[in-house]
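Enquirer: Residue numbers (the numbering used here): 363 to 522.
My structure is below; once you've seen it, I'll send some questions.
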Amino acid sequence: GSQGELYPDDGDPPGDRLMRLLVSACLMGLCTRYDGNANEDRGVLALAPQHVLYPVCPEQLGGLPTPRPPCEIVGERVVNRLGEDLTQAFSKGAFEALKVCRLCGCEAAVLKRNSPSCGKGMIYNGTFSGKLSAGDGVFAALLQASSIPVYGEDEIQNIE
Numbered sequence: 363g364s365q366g367e368l369y370p371d372d373g374d375p376p377g378d379r380l381m382r383l384l385v386s387a388c389l390m391g392l393c394t395r396y397d398g399n400a401n402e403d404r405g406v407l408a409l410a411p412q413h414v415l416y417p418v419c420p421e422q423l424g425g426l427p428t429p430r431p432p433c434e435i436v437g438e439r440v441v442n443r444l445g446e447d448l449t450q451a452f453s454k455g456a457f458e459a460l461k462v463c464r465l466c467g468c469e470a471a472v473l474k475r476n477s478p479s480c481g482k483g484m485i486y487n488g489t490f491s492g493k494l495s496a497g498d499g500v501f502a503a504l505l506q507a508s509s510i511p512v513y514g515e516d517e518i519q520n521i522e
């Protein structure tokens with residue numbers, strides 16, 4: 363029989379609905395991290411057979427070079443380890459990445475945890491000491507304010 367007969371409600375097997383997902387490019391193996399490396403995540407890449415993944419790096423879209431000095435959120439500003447204020451670049455990149463999300467019809471995002479752009483819930487605390495505090499990265503906050511669900515790479519099992 364056809365899938366329609368097996369699942370008469372909507373024609374799709376439960377938990378098997380194709381989604382368009384915006385994904386931090388570094389998690390897909392692209393060398394977009396501040397240090398010029400990638401954070402390839404096998405769990406994230408394993409989403410590819412079931413979903414359509416669109417890589418994006420808000421920091422690069424904001425005009426920042428790769429590699430670049432590490433950045434953290436300090437109060438309402440994003441600064442790099444040299445003390446330079448890069449808030450405008452982070453904001454521009456977040457809005458450009460949101461355009462990508464909308465152009466591609468993405469329903470959710472899988473973003474790099476702890477990042478000043480992509481972190482959700484916890485980010486580096488602004489002291490460049492490797493310590494975390496509660497907060498969201500610039501891009502993650504914009505997506506959530508735009509009603510786009512955001513998942514860290516350690517939350518992909520929760521994608522609906």
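Don't be surprised by glycine CBs; every beta carbon is placed ideally from N, CA and C.
(1) Rounding to the nearest angstrom, what Cα-Cα distance links Ala471 and Gly425 in this structure?
(2) Give me, in chain order, the residues of the same chain whose beta-carbon lies closer than 6 angstroms to that of Met381; leave out the 5 immediate sequence neighbours on both sides.
(3) Out of curiosity, what's the CA-to-CA distance linking Cys480 and Thr489?
(4) When you compare the CB positions of Tyr486 and Arg430, do they come within less than 8 angstroms of one another, or not?
(5) Please name the residue, chosen from Pro420, Gln519 and Asn401, that lies closest to Lys454 on a Cα-to-Cα basis.
(6) Apply the 10 Å Cβ neighbour rule to Ser386 and answer buried if 16 or more other Cβ atoms are within range, or exposed otherwise.
(7) Quick check on Asp403: buried or exposed, where buried means 16 or more other Cβ atoms within 10 Å of its Cβ?
(8) What does the alpha-carbon distance come out to for the pair Leu504 and Pro478?
(9) Per DSSP, which residues does Cys433 bridge with? Please list them.
(10) Find out if the Cβ-Cβ distance for the pair Phe452, Val500 is shorter than 8 angstroms.
(11) My understanding is that Leu415 touches Leu423, with C-beta atoms under 8 angstroms, so please give their C-beta distance in whole angstroms.
(12) Kindly list the residues whose CB is nearer than 6 angstroms to the CB of Val440, restricted to its own chain and excluding five residues on each side of it in sequence; keep chain order.
(13) What distance in whole Å lies between the Cβ atoms of Ser508 and Leu460, which are believed to be in contact at a cut-off of 8 angstroms?
(14) Starting from the N-terminal side, write out each stretch of the alpha helix (DSSP H) that is 4 residues or longer and does not extend beyond the region 437-492.
(15) Given Gly445, which residues of its chain have a CB within under 7 angstroms of its CB, disregarding the five upstream and five downstream residues?
(16) Between the C-alpha atoms of Ile435 and Met390, what's the straight-line distance to the nearest angstrom?
(17) Could you compute how far the alpha carbon of Gln519 sits from the alpha carbon of Glu438?
Expert: Concretely, from the data shown:
(1) 21 angstroms
(2) His413 and Glu469
(3) 18 angstroms
(4) no
(5) Pro420
(6) buried
(7) buried
(8) 12 angstroms
(9) Asn442
(10) yes
(11) Leu415 to Leu423, Cβ: 17 angstroms. No contact.
(12) Cys433, Leu448, Thr449, Phe452 and Pro478
(13) 6 angstroms
(14) 449-465
(15) none
(16) 24 angstroms
(17) 32 angstroms
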